[in-house]
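Each residue of the sequence shown is one higher than the one before, counting from -8 in our numbering.
Everything below concerns the one structure shown next.
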Amino acid sequence: MLIYDVKQDKEIEVEKMVKTDEEWQRILTEEQYRITTQKGTETPGTCLFEEVHSEGIFRCVRCGTDLFKSTSKYNSGTGWPSYTEPVSSLNIEEQEDRSLGMIRIEVLCARCGSHLGHVFDDGPLPTGKRYCMNGIALHFVSIENL
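Now the structure itself:
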């Protein structure tokens, strides 16, 4: 499969990452597992990324795929980290989510299938999108450490 790699500034070929639930449970914390594998949601306002203002990349906590640039992050007032766009549409998958009596668009990591959050059409310009993510599903890497 192809994903976009920010450091290399190009699309690269990678293997789809497939693990059993038992393998994910051994690798992840209990909360990471609940959110990324069982499609949970973290409590709003608990994500430490609200305080991150450095330039860098937010990666998938499960497989390390580049997902969002810090330059696309904004304060949506929701209590969850929000972004106007992913680094590439190759790196995420979007699918309809009809859980909890609502119709929403779920956002998943394209490489490992990790549940990241949801995308809404109420974001700021230029995209009008609000990628509302669970911070615990992400890992921040500063530009100096890419």
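Every residue gets a Cβ at the ideal spot worked out from N, C-alpha and C, and that includes glycine.
As the structure is a computational prediction, the values presented were derived from the model and not from experiment.
Distance cut-off 7 angstroms: residue i Cβ against heavy atoms of the ligand MG
i	result
Cys54	As for the ligand MG, it is missing from this structure, which has no ligand bound.
Whole-angstrom distance between residue j and residue i, CA atom to CA atom
i	j	result
Lys7	Met(-8)	7 angstroms
Leu137	Lys(-2)	6 angstroms
Ile18	Thr27	12 angstroms
Asp(-4)	Gly126	20 angstroms
Arg53	Glu97	17 angstroms
Glu21	Glu14	12 angstroms
Ala101	Ala128	13 angstroms
Arg95	Val5	29 angstroms
Thr56	Thr37	23 angstroms
Arg89	His109	12 angstroms
Residues of its chain near residue i, where Cβ-Cβ distance is below 6 angstroms and the 5 sequence neighbours each way are ignored
i	result
Tyr74	Phe59, Ser63, Lys64, Tyr122
Phe40	Pro72, Gly126
Run of the alpha helix (DSSP H) containing residue i, from where it starts to where it stops
i	result
Glu2	Glu2 -> not in any alpha helix (DSSP H); beta strand (DSSP E) instead, spanning 1 to 4.
Arg17	12 to 18
Gln23	21 to 27
### Query
Three or more beta-carbon pairs under 8 angstroms between the stretch 28 to 45 and the stretch 76 to 86, yes or no?
Below 8 angstroms, too few C-beta pairs join the stretch 28 to 45 and the stretch 76 to 86 to call them touching: fewer than three.
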